[in-house]
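When we follow full-length UniProt numbering, the leftmost residue of the sequence shown carries the number 1, and every step to the right adds one.
See structure below.
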Amino acid sequence: MDRVIKAARSSGSLNLSNRNLSQVPDEVYRSTSAVGDDEKWWEAVELQKLIIAHNNIESLKEELRNLPLLTVLNVSHNKLSELPAAIGELDCSNNQLKELPSSLGRCSDLSEFKASNNVIISLPEDVANCSKMMKLDVEGNKLTILSEKLIGSWTMLTELNASKNMLSGIPENIGSLSRLIRLDLHQNKISSVPLSIKGCSSLAEIYMGNNALSTLPAEMGALSHLGTLDLHSNQLKEYPVEACKLRLSLLNLSNNSLSGLPPELGKMTTLRKLLLAGNPLRTLRSSLVSGSTPTLLKHLRSRLSENEDAEASTTKKEDVIAMAARLSIASKELSMEGLGLTAVPSEVWESSEVTKVDLSRNSIQELPVELSSCVCLQTLVFSRNKIKDWPTAILRSLPNLLCLKLDNNPLRQIPPDGFQAAPMLQILDLSGNAASLPEHPSFSSLPHLQELYLRRMQLREVPTDILSLQQLRILDLSQNSLRSVPVEFKNLTSLTELGLSDNDISTLPPELGLLEPSLQALRLDGNPLRSIRRTVLDRGTKAVLNYLKDKIVEA
């Protein structure tokens, strides 16, 4: 023991886990002041990391404050019933804590807090001062409420796990968590989802099984990054049509009260698994419900075409355009999607202050030069049109453009200097334009890029210039012909989502595990992976990354 503590004075890290300790040795609290006669006191460093997990410790002394540089404290799997003030990363899960100290709020650098599997009734309001909080895990406690004050102060939060509690609702200001990627609230008593959920624009995974939901808000349809939606074992009577435009890969609606499904769900072609068992479905044959997801979706689409024919709108196209233009005066956003347009209406450039234009799902073949006058434009969406040429000249005239979506067009090859025309872009979607990328696309001309979508591009290897995009948070390379994943992906430390599904990847570089914990969603389905056991893959992103990280250690 003495030798280990002595070594910690040189490294700043002390691991005393699995030592059957009933209390923390006093020398630990004294840190550098306990330097022995045979040690060089001037070389001693303050303790920064203390791991005392899996012991029988019942209490921690207030002398913990004598460790001013302590940033990581792991006291999980002990017998603690209370805590002193703590620090930057704290794990006190699997104890017997009934409450948390209000002094926790003084830990202004606290970014990751785990307090799962205790008996905590409420979170102290002072924890609102921990504004750097990014990950919160309070699974398996007795919480009845998450206060709006806390949620409103944790705007940096990317992961929230409050499953297996007694929560009766979700805070109305949940929408303030625009960086939230994973939300796990399963096994509570939640009866509704706030309309503000649409503000959680980064959400990739929602787990709300085993609650008391009877309806879902239409606003759920705005969660454009959502890939997993688990709503099993609730009381849902219907699935909202608005949520059918989501690009989900997993939708679990089993054990609800659904009597039918909206035909529009058939349009969700990204869906890999739709679970419906345990519903009183009367409009679908049991063989469809228990059969494959693609077959069910095809059936729903066949009903959709009939419905659309029967309910064809008689509204004139010109009236819709005029209405959209009126609405844009206040919202600064102009939406004319799916109107069968063959050209960009003049109303677009006449709305000189518009910041967002959505003309997706039309038959537009080119962008008019008049669009150059829309200097306030930040978002330009031309998905699913018939555009053939990269609009270099127009892009050069739009200095504020941050988001460009040209996916699913017959786009010809982008000029070598094409990306230089829009150097401020943060979001770019070129999916479904297999012929658009030159042999060596210069993505490095887009240094601010945060989201890049290159689905269905017939890529055989990852373009090397992507590896220079240090601000990249979302990279979607699914539905290509990639055979390998570059080791250099480990350097994309801002990455939170990586889509690699439906490729020809058989192995992953262990170095990919170094992206844990920043990488929250790694999609690998539809690959012939042989180097990772199916049981590991089924446990999700974190398990895969930890598995890969262990491979580095073994090597």
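Idealized CB from N, CA, C, for every residue including glycine.
Alpha helix (DSSP H) segment containing residue i, residue limits
i    : result
V348 : E347 to E350
A393 : T392 to R396
I427 : Element bounds for I427: not the alpha helix (DSSP H) but the beta strand (DSSP E), I427 to D429.
D465 : From DSSP, D465 is part of no alpha helix (DSSP H); its letter is neither H nor E.
T228 : Looking at the DSSP string, T228 is not in any alpha helix (DSSP H); the run it does join, the beta strand (DSSP E), is T228 to D230.
Y239 : Element bounds for Y239: n/a, residue is neither H nor E.
V28  : D26 to R30
S286 : S286 to S290
L537 : R534 to D538
Cβ neighbour criterion (16 or more within 10 Å) applied to residue i
i    : result
K61  : exposed
E461 : exposed
V138 : buried
E125 : exposed
V24  : buried
A435 : exposed
R282 : exposed
R533 : exposed
Q470 : exposed
E311 : Confidence in E311 is poor, its pLDDT being 40 and thus under 50, which makes the residue's placement unreliable; the coordinate value appears in the next sentence. When all chains shown are included, E311 counts as exposed.
M166 : exposed
V375 : exposed
S178 : exposed
G227 : buried
P447 : exposed
A422 : buried
G175 : buried
Q426 : buried
Extent of the continuous beta strand (DSSP E) to which residue i belongs
i    : result
G499 : E497 to G499
T379 : T379 to V381
S13  : S13 to N15
K135 : K135 to D137
D358 : K356 to D358
I151 : Premise fails: I151 lies in the alpha helix (DSSP H), E148 to S153, not in any beta strand (DSSP E).
R182 : R182 to D184
R523 : A521 to R523
D407 : No beta strand (DSSP E) holds D407; DSSP gives it neither H nor E.
Alpha carbon of residue i to alpha carbon of residue j, nearest angstrom
i           : j    : result
T535        : I552 : 20 Å
C92         : K388 : 57 Å
L146        : N94  : 20 Å
L143        : N18  : 30 Å
L110        : A128 : 11 Å
L248        : T496 : 17 Å
T158        : N20  : 35 Å
L411        : G540 : 35 Å
V544        : V369 : 49 Å
S22         : S445 : 58 Å
F443        : D502 : 23 Å
L90         : I151 : 19 Å
residue 610 : K114 : Residue coverage of the chain in this structure runs from 1 to 555, which leaves residue 610 outside it and unanswerable.
residue 558 : S431 : Since the first residue of the chain shown is 1 and the last is 555, residue 558 is not available in this structure.
S214        : S191 : 7 Å
C107        : L123 : 14 Å
D417        : Q187 : 53 Å
P517        : M268 : 30 Å
S360        : K542 : 35 Å
R3          : L16  : 12 Å
Close-in-space but distant-in-sequence residues of the same chain around residue i (CB under 6 Å, 5 per side omitted)
i    : result
T507 : S531
N118 : N95, L97 and N141
L475 : L452 and L498
K237 : S257
N66  : Y29
G105 : D126, V127 and N129
S259 : P280 and R282
G526 : S501 and D502
S168 : K189
W390 : I414 and G418
Q121 : It should be noted that the sequence gives Ile, not Gln, for residue 121. Closer than 6 Å at Cβ, skipping near neighbours: K142.
L437 : none
Cβ-based neighbour list, residue i, same chain, cut-off 7 Å, excluding 5 preceding and 5 following
i    : result
E219 : L195, I197 and K198
D550 : none
S351 : A325, S328 and L334
Residues of its chain near residue i, where Cβ-Cβ distance is below 8 Å and the 5 sequence neighbours each way are ignored
i    : result
K298 : G266
N307 : Unreliable positioning characterises N307 in this predicted model, as indicated by a pLDDT of 46, which lies under 50. The coordinate reading is nonetheless provided below. So the qualifying residues of the chain are P263.
H440 : P463, T464 and D465
R473 : Q450, E451, S494, L495, T496 and E497
L216 : V193, L231, L236, Y239, P240 and A243
V504 : Note that residue 504 is Asp in the sequence shown, not Val. Cβ neighbours of D504 beyond the five flanking positions: S481, L482, R483, N527 and P528.
The stretch 223–237 touching the stretch 203–210, judged by at least three CB pairs closer than 8 Å: Segments in contact, yes.
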